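Colleague: Residues 3 to 666, numbered by our numbering, are exactly what the sequence shown covers, in order. Yeah, the Cβ is synthetic: ideal placement off N, Cα and C, and Gly gets one too. Computed from a predicted model, the values in this text were never measured in an experiment.
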Amino acid sequence: RNGICQGDTAPFVLRPGDIQETCNGKDDDCDGTADDSPIDVGGTCGSSVGSCRTGTIQCISGAPSCQGASDPTPDICNGRDDNCDGVIDGVVVSPPVPCSSDANCTGGATCINSLCTKDAVGMGVACDVPPAPPSGATSPCRAGTLKCQSGSPVCNGSITATSTSDTCGVDANCDGTLSSQPDLQNDVRNCGICGRDCYALAGGNGNWTCNSGVCTFAGCRSGFIDCSGATNDCETACSGSSGATELCNGIDDNCDCTVDNVLPANKPNSTQVCGVSPAATDPNCTTNVAVNCQAGSWSCTFPSGYCTGGAPDYCSNADNTCNTRDDNCNGAIDDDFQLAVVGSSGNYLGKTCFSDDGSPTSHGDCRTSGTYQCDPGNSSRTKCTAVKNTAAAGPELCDGKDNDCDGDVDETYNAPGTDPRYVVPAVRSIGGGVYMYLYEASRPGATATDPGTGNGWHSNPPSTETADETLSCSVPGVVPWFNVTGAEAAQTCAAVGGRLCRFTEWRTGCRGQGGSCTRGYAPASACQSNGSYPQGNPHCNIGPYDWDGNAGNGVTDGLLPTAYGGGGASPALTNCRADWNGSSDFWDIMGNLREITWNRTTSSSSNCTPEDPTDTNCLFSLMGGAFNTQSEDGASCNFDFYTVDTSFKLYDVGFRCCFDSNPQ
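1. From the DSSP secondary-structure annotation, give me the bridge partner or partners of G57.
2. Rounded to whole angstroms, what is the Cα-Cα separation between S663 and Q632?
3. By how many angstroms is the C-alpha of D42 removed from the C-alpha of S63?
4. Please state the DSSP three-state secondary structure of L624.
5. Just checking, does the region 580-587 make contact with the region 469-486 on the three C-beta pairs under 8 Å criterion?
6. Around the Cβ of R383, are there at least 16 other Cβ atoms within 10 angstroms (buried) or fewer (exposed)?
7. Please list the segments of the alpha helix (DSSP H) lying wholly inside the region 442-498, counting only runs of 4 or more residues, in order along the chain.
8. Please state whether DSSP places V436 in a helix, a strand or coil.
9. Answer yes if the region 493-503 comes into contact with the region 647-660, meaning at least three C-beta pairs across the two stretches below 8 Å, and no otherwise.
10. Out of Y316, P478 and S431, which has the shortest C-alpha to C-alpha gap to T449?
11. Does the region 417-426 come into contact with the region 368-388, if we say contact requires no fewer than three beta-carbon pairs (one atom in each stretch) closer than 8 Å?
12. Considering only the alpha carbon of each residue, which of T510, G402 and D408 lies closest to V436?
13. Using the C-alpha atoms, what's the distance from V261 back to N319?
14. Are N207 and R223 closer than 7 Å when you measure CB to CB?
15. Cutting at 7 Å between CB atoms, please list the residues of its own chain near E507, excluding the five before and the five after it.
16. Fully enclosed by the region 312-368, which alpha helix (DSSP H) runs are 4 residues long or longer?
17. So, is D329 buried or exposed, given that buried needs 16 or more other C-beta atoms within 10 angstroms?
18. Assign N555 to buried or exposed, taking buried as 16 or more other Cβ atoms, counted over all protein chains shown, within 10 Å of its Cβ.
19. Could you pull the start and end residues of the alpha helix (DSSP H) that R596 belongs to?
20. If we ignore side chains and look at the alpha-carbon of each, how far apart do N209 and A239 end up?
21. For G159, which of helix, strand or coil comes out of DSSP?
22. Is the distance from the Cβ of C150 to the Cβ of A128 below 7 Å?
23. Pull the bridge partners of W300 from the DSSP assignment, please.
24. Just confirm the distance between the C-beta atoms of T326 and C376, as a whole number of angstroms; I'd bet it's less than 8 Å.
25. Please return the same chain residues whose Cβ sits closer than 6 Å to the Cβ of G333, not counting the five positions on each side in sequence.
26. Within 10 angstroms of the Cβ of T166, are there 16 or more other Cβ atoms? Answer buried if so, exposed if not.
27. My assumption, with CB atoms under 8 Å, is that D29 sits in contact with Q22. Please give the rounded CB distance.
28. So what's Q274 in DSSP terms, helix, strand or just coil?
29. Starting from the C-beta of P39, find all residues in its chain whose C-beta is less than 7 Å away, skip the five residues before and the five after it, and write them out in chain order.
30. For V172, count neighbouring Cβ atoms within 10 angstroms of its own Cβ and tell me buried if that reaches 16, exposed if not.
31. Run the CB neighbour count on Q296, radius 10 Å, all protein chains shown included, and call it buried at 16 or more, exposed below.
32. Does the region 511-518 touch the region 585-599, meaning 3 or more C-beta pairs lie closer than 8 Å?
33. Let me know the secondary structure DSSP gives R504 once reduced to three states.
34. Between which residues of its own chain and N290 is the CB-CB distance below 7 Å, once the five residues before and five after are set aside?
35. Just tell me which of A417, A388 and V389 has its CA closest to the CA of E398.
36. Since S357 contacts T370 with CB under 8 Å, what's their CB separation in whole angstroms?
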C-alpha cells in the first residue's frame, strides 16, 4: 500500500508493524497509514536560555518540525538576554572567545560570564554631541558614549555647558557662537589676549592700564613700596610712613624696607618683656639675658637652664628645677621644693629621711638617716641623702632587729633569708642528737627589766587571742618568757626550727655531764646535796633566796634575768647552772621559773607530740622549781610532781626549746 510495501525495495516484513514508523510521509510499518505514531517526534526543541523558550518536535507534512519555540532576536539594551547567548544586554563574539579579564578580549569587547562580549545593538555610539565652537575659540563641552547600564541606555563621559554666558575666547554655553567678549585692546584684565591681567604682573601691587593691548605701569598702589629693585613689582607692604619710630611688631614702621630694626636705646630689659621678677638678682636673670626682636615680638635668650618656658612669659611657665639656683628668676632659690609649697607630707628640702624610706624591706641595723636635698641625677625632684650602711651589718641576734640587714628579723637557721647569717641560739648537746637551750626562753624584745610583749602562737590561737608569731630566744641577761602554755611554747619553738623539750630530755640536761647530779647547780661536787639557805652560799633563785637583797624587809621572792650576774639582788647566782664541765652549762635550770615540758598523752589515738602538743589529751610536766619554791627538793632534777594539761599557764612557768639537729 501507498507504494512502500510493493516492489523490490519494499520493507521486508511478514506482517504490518514489523518496522517502526518515522516522520517521512510514508507507511513505514505497512499498516495502511503513513506517519502514524512516528518515533522521531515528541521531543524538546529550541533554547531556554535568556528570553528564548523551548518547543516540541512535531510531524508536519511528512517532516519533523519544531513547534511552539521562541527564537532569539537581536540583543538590545532592555535588561534581557534577547539573543539567548547567556549574556544580558550584550552579544557574545563569534566564534566564542573564553576570557578571565577584559585584557583577553579585542575589538572593544569586554569579559562577561567568562566570554568576550560586545555591546548590545545601538550601544557604543556618540551621544550628547555639542556644536563645534567658533574658529579660534574653545568649548568645555564634550560628547559622551552611549552605554547600557542596568537595562537602560546611559550617555557616559559627556560634558555639558558650564555657564549660561560665554567668557573670553570660550563658548561656555556650548551654543556654537561667542558672545559678550572683552575689548582686548583696552581691558586691563584681558590685555592683548584673554586672561592677561595686568594687575597680576610683578606682585600684583601696582597700578596698571591697557593701551593697544599692552600693560602699562602707573605706579605702586597705596600701602606698598618697591624694596627689591625689580621693575614695577611693589612687592613690600608698608602701612607706616617715612621717619616714624620703628617698633618690634613685624611692620616696617618707617618704610625704609627693613622690618623691626629697632634702635638699641629703644630695646626693653628682661624684667619688662621676659617675665623676670624685679626681685631677681642672679645675673643669668638680668644682664646675661639677650633680648632681641624676632618675627614681630620680643624674644629672650637665657643662659642654659634659666627660664626654660615659652614666650612671652618665659619664667612663669618654666620648670622650677631643684639645683640650688634661681632658675625661674623669681628671686627665690628652689622655692617649689620648700616646705611651704610641698607641704609636710612631701619630700621638701631639709626634711629628715631614712635610707629605707620607700623600700619594701627595712635596712635594719644598716639604716641611716639624712635629709632631702636636690637630686643630682634628676633636677625635677629631691632625694634622700641617707644611704644604707652595709658596713653596719653584723651577725643576726635574737633581739627583734634585722642585724644582718637582709630585710628579715631574727631569721632562724632553717630560714636564714638572703644573708646567710641567722640567729645562732645558745644550745648544747645533751646526747642522742638532741640540743637544748642553755637559757630559759625569752622574747626578742626582752631586757634585764622587761620581758617584752607578744604571744608565741603562730597558728590556731585560742579564741581570746591573736597569733602574734613571736619567736623565742636563748640569751643571758634578760627577763625570761613566763605565763605560757605548753602548746604555745611548742609553736614558738617550732618557729625557730625546734620543738618543746621532753621532760626526760630536760632531766638529762639538769643532771649534768656525768648524769649524777640531783640539783641543777655547779660545781658537780656539790650538785648532789642541798645548799645552805638562807646562810652560806645560795646557788639558785628559789624561795629562800632574797630577791631584792634588802635584809630589812626579809626574804623576798621575784623573777631574775637569765644567768643572773649580780645587781639589785645579792649575791650573784654564778653557780646556778647544770654543770657540764664548765662549758656551755644550762643556766637557771633550777629555780627562777618552772619549765613546762612535754610528758605524754592520755589517749593512744591522740596526735599529741612534742612537735605538736595541741591535742587536749596532752600532758606536761613542770620541772625545776621557781623563784617561789621553798624547798630545793621541789626544784630538783628528778621532781616531776606537777603534771598539767594544754590550757595550763601561770606567772611562774617558762620553758626551753630542744632541737633534733644542731641549730648553730
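Modeller: The short version:
1. C47
2. 36 Å
3. 14 Å
4. strand
5. no
6. exposed
7. 488-497
8. strand
9. yes
10. P478
11. no
12. T510
13. 29 Å
14. yes
15. I432, V436, M438 and C660
16. 341-344
17. buried
18. exposed
19. Run containing R596: none in the alpha helix (DSSP H); it sits in the beta strand (DSSP E), R596 to T603.
20. 14 Å
21. coil
22. no
23. C295
24. 6 Å
25. S279, A281 and A282
26. exposed
27. About 12 Å; that fails the 8 Å criterion.
28. helix
29. According to the sequence displayed, residue 39 carries Ser and not Pro. Hits under 7 Å: E23.
30. buried
31. exposed
32. yes
33. strand
34. P305
35. A417
36. 5 Å
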